[in-house]
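First the structure, in the form of structure tokens, and then the observations on it.
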């Protein structure tokens, strides 16, 4: 058996998220169906760095699987891309050590979130950038980010449905840049809780609209209660950008 | 009655083209359904500058309709955009002279065609740019364009299904520019026959690949036979960019 690690990209618009669930088109389902074709109908289980929700995109999601086939990395890439639907793409395939695990070996992850600032919506970006036609003070947003950076208990910034117990995470990098008519948020951390990036964005947009003061971020963190943070920003502005592993 | 002229944009991906046809989702159908809602279920007929095919996009399609309602231009824009599906957008509404006709008054039209030149496909552009991962000599393409510019009988460059008799058209401007990883074709003319832009692009890509010499364009024009030109490039790379009227 060989272990293959793939960097994949997908347009989340037509998926009910990454993870397999009954009666839904998911990224994992399409990956496993494709691998099954390559393996003469044998089931091949795929492991990802983590799930993404419905409509969320990936630029650099990472998955791994084991295979008895001996194909070159380039052949794997070609075979997968030839058989996958046109909204999933394999960017890179690497043979990795048998110990590698796409989920457990994650060192850090980067997410980005696109906000479209134009007064009118843009039909060509309706599935790729969150249209937010309101006045924003970016200086206030950047100030609020200083309170989020570092190690905190992010209970207030994750869905109440979050199943993990330990809600302490470290954000290494957090910033936003204006790129033409969009504001792009960037988050790098050792891990993100369920809906965490989208709630961070929703709250930071409240800060930008002066509904919340930057210093109030501290209070929200201290409350450890989802109700204190802002709304969950929609999924279609979110991109799983990069997953980092050691070496 | 007032006559309203609208500049509209649509993402052609989910439409069976512009024109109403049985059992299909078309742009005209969505426009007329929306206007019907605004007019208390009364039918309102919409006239466009011309049709576009399935998957073809529009940045500046022009339509007109007559209405007994007395709304301001801004109110029309807001009402239409509030009720239209999220892949059609009204960019501008103008009250026009009763004599205006979106189709008969066209003076010239501009189409653009996007070709994605990267070796790998890009899932985020799969519906917006034609992926063509082959070597292209752009100098040869530009040379061939010189033979297409001007007034010609374009019988060889339109679908055999074209219903009009007069196939003489004038191309005022024709060029292509490289924009990052794409080649953008631009065509401005007094009118375009059925599939004409897509056949021009297909033929010019043959020229770029050295399957056809630039000078052969003359021969193809002279044949007045669709069989001599290149393939019809796919619809999803094509954009109706702008429609010009006098005034």
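Protein chains in written order, with my numbering: chain A, 2 to 248; chain B, 2 to 248.
Don't be surprised by glycine CBs; every beta carbon is placed ideally from N, CA and C.
Interface annotation, residue 160(A): not in contact with chain B, CB-CB separation never under 7 Å.
Pairing residue 97(A) with residue 66(A) gives a Cβ-Cβ distance that is not under 7 Å. Using a CB distance below 8 Å, the part of the stretch 125-138 of chain A facing chain B consists of 125, 127 and 129, ordered along the chain.
In this structure, residue 17(A) keeps its C-beta atom at 7 Å or more from the C-beta atom of residue 49(A). Using a CB distance cut-off of 7 Å, residue 62(A) does not count as an interface residue toward chain B.
DSSP, reduced to helix, strand and coil, places residue 29(A) within a helical segment of the structure shown. Contacts with chain A (Cβ-Cβ distance below 9 Å) from the stretch 10-32 of chain B involve 10, 11 and 12, listed in chain order. Straight-line spacing of the CA atoms in residue 216(B) and residue 145(B) works out to 7 Å. Residue environment: residue 140(A) is assigned as exposed (fewer than 16 neighbouring CB atoms within 10 Å of its CB, all protein chains considered). Straight through space, the alpha carbons of residue 158(A) and residue 200(A) are spaced by roughly 6 Å.
Listed in chain order, the positions of the stretch 97-123 of chain A with a beta carbon within less than 9 Å of a beta carbon of chain B are 121, 122 and 123.
Rounded to the nearest whole angstrom, the C-alpha separation of residue 210(B) and residue 218(A) is 58 Å. Residue pairing from DSSP leaves residue 55(B) without any beta-bridge partner. For residue 149(A), the enclosing alpha helix (DSSP H) covers residues 139-149. In chain A, no part has a C-beta under 9 Å from the C-beta of residue 180(B); the shortest such distance is about 14 Å.
Chain B has a Cβ within less than 7 Å of the Cβ of residue 90(A). Look at residue 154(A) here: in three-state DSSP terms it is strand.
DSSP places residue 190(A) inside the beta strand (DSSP E), whose first and last residues are 183-190. Counting only unbroken stretches of 3 or more residues, the beta strand (DSSP E) elements lying wholly within the stretch 48-103 of chain B are 58-68 and 89-97, in sequence order. Listed along the chain, the chain B residues whose CB falls inside 7 Å of the CB of residue 87(A) are 124 and 127. DSSP, read as helix, strand or coil, puts residue 115(B) in strand. For residue 132(B), same chain residues with a beta-carbon under 7 Å away, outside a window of 5 residues either side, are 117 and 122 in chain order.
Straight-line measurement puts the Cα of residue 44(A) at about 9 Å from the Cα of residue 38(A). Around the C-beta of residue 130(B), 16 or more other C-beta atoms lie within 10 Å, and the residue is accordingly described as buried. Residue burial annotation: residue 220(A) is exposed, with fewer than 16 other C-beta atoms found within 10 angstroms of its C-beta. Within the DSSP secondary-structure output, residue 245(A) pairs in a beta bridge with 109(A). Take the alpha-carbon of residue 231(A) and the one of residue 194(A): they are about 16 Å apart. Counting C-beta pairs closer than 8 Å gives three or more between the stretch 234-243 of chain A and the stretch 202-209 of chain A, which meets the contact rule. For the options 226(B), 3(B) and 225(B), the alpha carbon positioned closest to that of residue 100(B) is the one of 3(B). For residue 73(A), the closest C-alpha among the options 114(A), 103(A), 6(A) and 241(A) is that of 6(A). For residue 60(B), same chain residues with a beta-carbon under 6 Å away, outside a window of 5 residues either side, are 10, 240 and 242 in chain order. Residue 152(A) sits exposed, since fewer than 16 C-beta atoms from the chains shown fall within 10 Å of its C-beta. Nearest Cα to residue 148(A) within the set 244(A), 70(A), 208(A) and 76(A): 208(A).
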